[in-house]
Structure formats: structure tokens, C-alpha cells
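Report on one structure; see the data block that follows.
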Amino acid sequence: MAIKIQEVGPRDGLQNERTLLSTEQKLELIHRLVEAGLRFIEAASFVRPEAVPQMADADAVFRGLHRRDGIVYAGLALNRRGVERALQADVDEIHLSLGVTESFNRTNQGTSPEDNFQAFLAALADIRGRGDRRRPVTITFSVAFGCPFEGAVDEGRVVEWVRRAAEAGFDEIILADTIGVADPRQVGRLVRRSREATEGRVPIGVHLHNTRNTGLANAYAALENGATTFDASVGGLGGCPFAPNATGNIATEDLVYMFERMGVATGVDLDALIDVARWAEKIVGHPLEGMVMKAGPFRPLGARRT
1 MAIKIQEVGP RDGLQNERTL LSTEQKLELI HRLVEAGLRF IEAASFVRPE
51 AVPQMADADA VFRGLHRRDG IVYAGLALNR RGVERALQAD VDEIHLSLGV
101 TESFNRTNQG TSPEDNFQAF LAALADIRGR GDRRRPVTIT FSVAFGCPFE
151 GAVDEGRVVE WVRRAAEAGF DEIILADTIG VADPRQVGRL VRRSREATEG
201 RVPIGVHLHN TRNTGLANAY AALENGATTF DASVGGLGGC PFAPNATGNI
251 ATEDLVYMFE RMGVATGVDL DALIDVARWA EKIVGHPLEG MVMKAGPFRP
301 LGARRT
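Written as C-alpha cells, this is what we have:
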């Protein structure tokens, strides 16, 4: 099975870091990730600077990117204004995010899930109507496995959102464990039900946080049930503002190590990615949660890299 690892450290990782990196540091992080073999990178989010100051320079980040064939730079938007900014920045892909519960979406995006979805449908039509080039549009359903305000989320509600998104023509659908509460059986079941609801027409992916140390187990369950896109953050950068003491996404290098050991090709240079994680740790100024960046890849003692 061909899988896609999508690096979200420059966006989801950094937007929850207390240290505000300069535009130049963000661009260097992205460049290092590309050199390590990452081909899909969520580079920034187009949100209100006063709400997320870590992303205040999103437009400047996209202006500074070195565009290459085969490298996809995505931008996240939460509303129509964000979509317009993303289009003006000439993103390669647009990522939209919608909370599946009323409480979370109103807290995070200031509107109901239904009103948000209708706005996204209008934005999708606008994006498709532009004649410059076709940009894939992904929709992420956040708190799909549990909400910090409402608790357990009915799987049928999530599957219905997935079905509607597939019928609307989104190119990819991501199920997000935003606060890191999911378990492997739950993840596998919801991925499987989502694939059935879309009849295999739309790729299903996962965005997993490692808050309770189940992230890699959940990634494995998602893989076994047909997920093809896996969001991850170098070093495990980031967290969630609605989950106290939450760690970030699963660490990209941990995910790459697991997949490669399983015989699932990622196209990523693990040694180079570990170097990026260690560099990022120095830049943000505190230890990161990734494990493989600490232990290194598995090699016999006589075969250690010099």
C-alpha cells in the first residue's frame, strides 16, 4: 500500500510552541525537512495573528519557500477569509478544518459545524472555479475521536460528516484525534467505516496526537484498516491548547522508523530526519517528545554511523 506522510510540524507543531520562531527559522526548518525526504508539508495556517501569533507571518513563509517539482506545500484555513489568503499566497494544497462537535467548533472557529461546512462548500466552489491551476482540497474533521467539552463523540456523526464531504468533492478526508484520547480499536473501526461510507473514492487519513502515548498504536491500526495519509510532526513538536499537558502529534521520525521496520516505504531519510528533530529541539529551546531522535535508528554496534 502506498502511504503519504504529511509533515505538520511547521504549522501544527509551531503554533503551539511558546517560542516564536522567525520567518527565517521556519523556512530553514521546512528546507531541512524537504532535504530529509518529506514531500508533503503543511507550512503555515492562515488565521488571525492576534489569535495565533505563531502563524502571523504565514504569507511571508510562503513567499520565502523554494518551490520544487514534487514538493507540496499546504496551508491551513478555518474560514473563507483564510482560504482567500491561502489562494493569494499560492499554496499548493488547501487544508480546511472543521470540529465535529458544536462546542469545539464554536470555541475554535466561532460558528456551528453546519454553518462552517456550508462556508467550506462555497469556498470549495470558488477554489474549483479558479482557472490558474487545480489545487487539491483536504478537509480535516477535528475531535473525531473525543471532544474536550462534550466527551465521547458518536461515530455515526463522524461517518455522516465523512459521507457528506466525499459527496461534496473534497480530495482527501482526515480524521483527527485532536486531544489524543483515541485507542487503536476505535481508530481502526472509524477508518474502516469512513472508507465504507466513501466507497473507496476518497483517501482517508489520520491526524494523531500522542497525549496519552497511544499515537503510534493508533497509526498502526489506521494503516491496517486502509488509511493512506498520516500527519506527523518532527520531534513531536506542538500540542493542543484545549488539552492540558498535551504533547504534540506523533513524531515523524518515530512514525518513519515504525513503517520502515514494517516494510512500508516512506521515502524519508531517517538519519537526516533525526538530525532535523535534534536541530528543532535546540531552536525551540526545550526537550521534544520524540523517542527515535533520542535512541537513534536500530543498527548493530559495529555499523554505527560515523
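For the record, in the sequence shown the residue sitting at position 261 is 261 according to the working numbering, with numbers rising by one throughout.
Ideal placement from N, C-alpha and C gives every residue a C-beta, glycine not left out.
Runs of alpha helix (DSSP H) lying entirely within the segment 221–305, each at least 4 residues, in chain order: 252–262, 270–284, 292–295
Start and end of the alpha helix (DSSP H) containing G156? Taking the sequence shown and counting its residues from 1, one reaches residue 156 at position 156. Start and end: 155–168.
State the CB to CB distance for the pair H209 and G215, rounded to an integer number of angstroms; the pair is presumed to be in contact (CB under 8 Å). Taking the first residue of the sequence shown as 1, we reach residue 209 at position 209. Taking the first residue of the sequence shown as 1, we reach residue 215 at position 215. Confirmed, about 6 Å.
Would you mind stating whether I3 and R39 have Cβ atoms separated by less than 8 Å? As a working note, residue 3 is residue 3 in the sequence shown. As a working note, residue 39 is residue 39 in the sequence shown. Their beta carbons are not under 8 Å apart, which means I3 does not touch R39 by this criterion.
In chain order, which beta strand (DSSP E) runs of at least 3 residues are fully inside the segment 29–56? 40–46
Opening and closing residue of the beta strand (DSSP E) in which V72 lies: Taking the sequence shown and counting its residues from 1, the one referred to as residue 72 is at position 72. Segment 72–77, the beta strand (DSSP E) holding V72.
Can you tell me which of L237, E167, T138, V191 puts its alpha carbon nearest to the alpha carbon of V284? Counting from one through the sequence shown, the residue named residue 284 turns up at place 284. Among L237, E167, T138, V191, the Cα nearest to that of V284 belongs to L237.
What do you get for Q88, buried or exposed, if any count of 16 or more other CB atoms within 10 angstroms of its CB means buried? Taking the sequence shown and counting its residues from 1, the one referred to as residue 88 is at position 88. So Q88 counts as exposed.
Whole angstroms are fine: how far does the CA of R32 sit from the CA of V181? As a first step, residue 181 must be located in the sequence shown, where it is residue number 181. As a first step, residue 32 must be located in the sequence shown, where it is residue number 32. Distance between the alpha carbons of V181 and R32: 31 Å.
Going by the CB atoms, is the gap between L29 and A222 shorter than 8 Å? Locating residue 222 in the sequence shown gives position 222, where the first residue counts as 1. Locating residue 29 in the sequence shown gives position 29, where the first residue counts as 1. The answer is no: Cβ separation not under 8 Å.
Once DSSP output is grouped into helix, strand and coil, what is the label at D183? Along the sequence shown, read from residue 1 onward, the residue named residue 183 stands at position 183. D183: coil per DSSP, three-state reduction.
From V159, G296, D115, pick the residue whose C-alpha is nearest to that of M258; which is it? By one-based count along the sequence shown, residue 258 stands at place 258. Looking at the Cα atoms, G296 is the closest of the given residues.
Kindly list the residues whose CB is nearer than 8 Å to the CB of D188, restricted to its own chain and excluding five residues on each side of it in sequence; keep chain order. Here residue 188 refers to the residue found at position 188 when the sequence shown is read from its first residue. It is worth fixing the name first, because residue 188 is Gly in this sequence and not Asp. A221, A222, E224, N225, listed in sequence order.
Host alpha helix (DSSP H) of Q6 (start-end): Residue 6 sits at position 6 when you count from the first residue of the sequence shown. Taken as a continuous stretch (DSSP letters only), Q6 belongs to no alpha helix (DSSP H), being part of the beta strand (DSSP E) at 4–7.
Enumerated in chain order, which unbroken segments of the alpha helix (DSSP H) with a length of 4 residues or greater are wholly contained in the segment 102–136? 102–109, 113–129
Range of the contiguous alpha helix (DSSP H) that encloses D59: Start at 1 with the first residue of the sequence shown, and residue 59 comes out as number 59. Element bounds for D59: 58–64.
Identify, in the order they occur along the chain, each residue of the same chain with its Cβ nearer than 6 Å to the Cβ of A277, setting aside the five sequence neighbours on each side. As a first step, residue 277 must be located in the sequence shown, where it is residue number 277. So the list reads V234, G235, E253, G290, M293, once near-sequence residues are dropped.
Please state whether the Cβ-Cβ distance between T211 and I250 is less than 8 Å. Reading the sequence shown from its first residue, position 211 is the one you call residue 211. Reading the sequence shown from its first residue, position 250 is the one you call residue 250. Cβ distance not < 8 Å, so T211 and I250 don't count as in contact.
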